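Here's the structure we're looking at; comments come further down.
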Amino acid sequence: MRVRNGNREALTALRRRARTTKSSVPSPFESIMKDMGGSETRPLVKEICTTCGNHDSNERTWMMFPGTDVFARVPFHAAHSILETDQSKLDFEAKKLQSFVKDQSLLISEKGVLADKISPGVLKALVTLTDKPK
Numbered sequence: 001m002r003v004r005n006g007n008r009e010a011l012t013a014l015r016r017r018a019r020t021t022k023s024s025v026p027s028p029f030e031s032i033m034k035d036m037g038g039s040e041t042r043p044l045v046k047e048i049c050t051t052c053g054n055h056d057s058n059e060r061t062w063m064m065f066p067g068t069d070v071f072a073r074v075p076f077h078a079a080h081s082i083l084e085t086d087q088s089k090l091d092f093e094a095k096k097l098q099s100f101v102k103d104q105s106l107l108i109s110e111k112g113v114l115a116d117k118i119s120p121g122v123l124k125a126l127v128t129l130t131d132k133p134k
């Protein structure tokens, strides 16, 4: 959990430094439509990184690599790409652990181990709750 929060804070700091948010950078379609009036020699698709935006993606940024005590100066784009990849892996692991805890809680509920504290029906209802609307 600590690493996950650290990654989130680092990504927020990098976005602040680049003066972008997840929604502030135009989509590739918007940038294509804006550049359509130009010459024919330009590439049709101009890739825009949603984190870098107009920030210099080659600017060197200090970064501590995940899971190590090694610091290095890496390009801005590489730094946030590494952090975003690591963050998605951590999110997946957290969801996997939450699912495991949920399954174990349901198993305990079905065996009636907590029946004297919480009724099995209430515990089962709590365990089977989802955030997704039906």
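Numbering (the UniProt record's numbering), first residue to last: 1 to 134.
Here a beta-carbon is modelled for each residue, glycine too, at the ideal position from N, C-alpha and C.
Just so it is clear, the structure is predicted and the values come from calculations on it, not from any experiment.
Looking at the structure shown, is residue i part of a helix, part of a strand, or coil, going by DSSP?
i, result
"Arg19", "coil"
"Phe65", "coil"
"Glu50", "Correcting the residue type first, residue 50 is Thr in the shown sequence and not Glu. DSSP places Thr50 in coil when its eight states are reduced to three."
"Ser57", "coil"
"Ser88", "helix"
"Asp103", "helix"
"Ile118", "coil"
"Thr12", "helix"
"Gly112", "coil"
Would you list the residues sitting across from residue i in a DSSP beta bridge?
i, result
"Arg73", "Trp62"
With 8 Å set as the bound, which would you pick, yes or no: does the beta-carbon of residue i sit closer than that to a beta-carbon of chain B?
i, result
"Lys89", "Of the protein chains in this structure there is only one, and it is not chain B."
State buried or exposed for residue i, treating a residue as buried only when at least 16 other CB atoms are found within 10 Å of its CB.
i, result
"Ser109", "buried"
"Met64", "exposed"
"Leu123", "buried"
"Thr51", "buried"
"Leu126", "exposed"
**Asked** Can at least three beta-carbon pairs, one atom from the region 64-80 and one from the region 98-106, be found at a separation below 8 Å?
**Response** no
**Message:** Taking 8 Å as the cut-off, does the region 81-93 touch the region 7-17 (at least 3 CB pairs, one atom from each stretch)?
**Reply:** yes
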